[in-house]
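Student: Dropping a structure here in structure tokens format, bear with me for questions.
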Amino acid sequence: GENVEQHPSTLSVQEGDSAVIKCTYSDSASNYFPWYKQELGKRPQLIIDIRSNVGEKKDQRIAVTLNKTAKHFSLHITETQPEDSAVYFCAASLEAAGNKLTFGGGTRVLVKP
Amino acid sequence: SAVISQKPSRDICQRGTSLTIQCQVDSQVTMMFWYRQQPGQSLTLIATANQGSEATYESGFVIDKFPISRPNLTFSTLTVSNMSPEDSSIYLCSGGLAGGRETQYFGPGTRLLVL
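Going line by line, the protein sequences match chains A and B. With the first sequence counted from 1, adding 1180 to any position gets you our numbering. With the second sequence counted from 1, adding 990 to any position gets you our numbering.
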């Protein structure tokens, strides 16, 4: 089955700096890659997603890039703000496998004011 | 996006007992899933809830321990049976909308503590 590795496990950045989280996946057939943000005690919230026919997607301060050949994808947060502090999870899924999500281990991001 | 609710939001249970968690979606979804999130950990898929048929379980999870029902497109239940302290976790359901079915939205979770 699919395996998703996520790095780093923790990330501390100064407010205003950029944060980058990287994930690799094992199943080359996976075709959908969402990113979730989870604040303490809250549900995971979808913040951005990308499909395998697209190399990059941007939404305001958040962007995701996908390299299908290398089987890795990354989340980029620019101009970080204290409210970006949370745990971020990447995931991968395959339509043929019923769209079930396989999650990375998570990255705890701390934005220092 | 879909609005997904769960109940109970939290519970404290004695070992050996069972708890049924309910998940309700405000619009029709093609896929519904149940995940477990142990403290400080990532999300692990327990099973896919199939409408009108038996759920599809992931490796390490069995129907006797986690029976699941999905009588219609908007409702599902997960039972945690014969609980032990190792079952203490957050249990989350998720649903994918019929139109954009890859996209999944999560319920608020049920925080379970087994004593």
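Even glycine gets a Cβ: it sits at the ideal position worked out from N, Cα and C.
(1) In this structure, what does DSSP give as the bridge partners for residue 1281 of chain A?
(2) Across which residues does DSSP place residue 1051 of chain B in a beta bridge pair?
(3) For the stretch 1190-1240 of chain A, list the beta strand (DSSP E) runs that are entirely contained and at least 3 residues long, ordered along the chain.
(4) Express the C-alpha separation of residue 1074 of chain B and residue 1036 of chain B in angstroms, rounding to a whole number.
(5) If you pair each beta-carbon of the stretch 1232-1247 of chain A with each one of the stretch 1005-1013 of chain B, do three or more pairs fall below 8 angstroms?
(6) Name the residues in the stretch 1181-1211 of chain A whose C-beta lies less than 7 angstroms from a C-beta of chain B; which are they?
(7) Does any CB atom of chain B fall closer than 8 angstroms to the CB of residue 1273 of chain A?
(8) Under 8 angstroms between C-beta atoms, does residue 1251 of chain A make it to chain C?
(9) Which stretch, first to last residue, makes up the beta strand (DSSP E) that contains residue 1096 of chain B?
(10) Measuring only the C-alpha atoms, how far is residue 1231 of chain A from residue 1071 of chain B?
(11) Is residue 1016 of chain B helix, strand or coil when you go by DSSP?
(12) Would you say residue 1275 of chain A touches the ligand SAM, meaning its beta carbon is less than 7 angstroms from a heavy atom?
(13) Assign residue 1039 of chain B to one of two classes, buried (16 or more other C-beta atoms within 10 Å of its C-beta) or exposed (fewer than that).
(14) Would residue 1081 of chain B pass as an interface residue toward chain A - the criterion being a Cβ-Cβ separation below 8 angstroms?
(15) Sorted by chain position, which residues of the same chain lie with C-beta nearer than 6 angstroms to residue 1288 of chain A's C-beta, five sequence neighbours on each side aside?
(16) Give me the chain A residues within the contact set of residue 1106 of chain B, using Cβ-Cβ distance strictly less than 9 angstroms, ordered along the chain.
(17) Just to confirm before moving on: does the CB-CB distance between residue 1219 of chain A and residue 1241 of chain A stay below 8 angstroms?
(18) Which residue wins for smallest C-alpha separation from residue 1223 of chain A, given the options B/1043, B/1084, B/1102?
(19) Whose CA, out of A/1233, A/1217, A/1252, lies closest to the CA of residue 1226 of chain A?
(20) Is residue 1061 of chain B helix, strand or coil by DSSP?
(21) Alpha carbon to alpha carbon, how far is residue 1044 of chain B from residue 1199 of chain A?
Tutor: If we stick to the structure as given:
(1) Answer is none; residue 1281 of chain A lacks a bridge partner.
(2) According to DSSP, which records beta bridges pairwise, residue 1051 of chain B is partnered with nothing at all.
(3) 1190-1194, 1199-1205, 1212-1218, 1225-1231, 1236-1239
(4) 17 angstroms
(5) no
(6) none
(7) yes
(8) You won't find chain C in this structure, because its protein chains are A and B.
(9) 1094-1096
(10) 37 angstroms
(11) coil
(12) Ligands are entirely absent from the displayed structure, and the ligand SAM is therefore not among its contents.
(13) buried
(14) no
(15) 1190, 1267
(16) No answer is possible for residue 1106 of chain B: the residues shown for chain B start at 991 and end at 1105.
(17) no
(18) B/1084
(19) A/1217
(20) strand
(21) 43 angstroms
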